[in-house]
Amino acid sequence: MIPFNYLGWFFKTFGSIIYPEVVRQILCEFLKNVPTQAKILDLGAGTGMMSEFSYKCRDDLSFIAVDPAENMLKYALPYIKTQVASAEDLPFTEGSFDVVLMGESLHHFNNIDQALKEIVRVLKKEGKIFIYDFDVSTFLGKSICRGEKLLGEPGNFFVPEILKKKLEDYGFIAEISKHRWRYTIVATLS
Ligand SMILES: C[S@@+](CC[C@H](N)C(=O)[O-])C[C@H]1O[C@@H](n2cnc3c(N)ncnc32)[C@H](O)[C@@H]1O
10 MIPFNYLGWF FKTFGSIIYP EVVRQILCEF LKNVPTQAKI LDLGAGTGMM SEFSYKCRDD
70 LSFIAVDPAE NMLKYALPYI KTQVASAEDL PFTEGSFDVV LMGESLHHFN NIDQALKEIV
130 RVLKKEGKIF IYDFDVSTFL GKSICRGEKL LGEPGNFFVP EILKKKLEDY GFIAEISKHR
190 WRYTIVATLS
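Per the numbering used here, the sequence shown starts with residue 10, numbered consecutively.
Have a look at this one:
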């Protein structure tokens, strides 16, 4: 397993490198359509990097960073609330959030279906998700997937079209954007 609980300093210092400018722009574009003071769940948030990028374009939103690694969350900035929890068992009531963000975290979830059920449960009607992750159909994506599996991680990497189909099975309307070996998916609960 990757010892995330000891890697907060690393992600705080270098984490932004894995988010190219184009992805930050797509995130800001996506957030333009989110209601004022919407509630945002940053899932598998680590140090809260996705919330930080989001706050730069929408400082009216309310952020909660959720991660099982408590020491990662200690690096979250003061405007980000934190909660130690896993995607598969979210300590929130039905319809609590307008948006769920997942930045390079989905592939770490142990049980994708259980996590998606929880995401659907805590999202409001017509709530939205934003996923940024590695595309396992590319050489680099495959290599990262193999490397993580060797480290004992679940390595639940997707070909984006397969994840889109899965999201549709859970009631989302999803759109993919590809960025060489990475992709973003924005999806709305229908
Ligand atoms: C590569 S880090 C990404 C962190 C952050 N989103 C970022 O972009 O800097 C993956 C994160 O997923 C978290 N994680 C692992 N298993 C998880 C689970 N079952 N539910 C939620 N988060 C999980 C890890 O603790 C880690 O902080």
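Note that CB positions come from ideal geometry on N, CA and C, so glycine has one too.
Should HIS117 be listed as close to ligand 1, given that the test is whether its C-beta is under 7 Å from any heavy atom?
-> yes
If you measure from the CB of PRO87, is any heavy atom of ligand 1 nearer than 7 Å?
-> no
Contact between the segment 76-86 and the segment 36-50 (3+ Cβ pairs under 8 Å) = no
Taking PHE62 as part of the alpha helix (DSSP H), name the residues at either end of that continuous run.
-> 58-66
Bridge-paired residues (DSSP) for MET111 = ILE140
Quick one: what does DSSP say ASP69 is sitting in, helix, strand or coil?
-> coil
THR56 to SER199, Cα distance in whole Å?
-> 31 Å
In terms of alpha-carbon separation, which member of LEU50, PRO77, PHE139, ALA94 lies closest to SER71?
-> LEU50
Applying the criterion that 16 or more other CB atoms from any shown protein chain within 10 Å of the CB defines a buried residue, is PHE23 buried or exposed?
-> exposed
Best match in HIS117, PHE62, SER105, MET59 for proximity to GLU127 [C-alpha to C-alpha] = SER105
Segment contact, 8 Å Cβ cut-off, at least three pairs: the segment 87-105 with the segment 140-151 = no
Specify, as a first and last residue, the run of the beta strand (DSSP E) that LYS83 falls within.
-> Note, LYS83: premise wrong, no beta strand (DSSP E); not H, not E.
On the three-state DSSP scale, how would you describe PHE13?
-> helix
Contact test: SER114 Cβ vs ligand 1 heavy atom, cutoff 7 Å | yes
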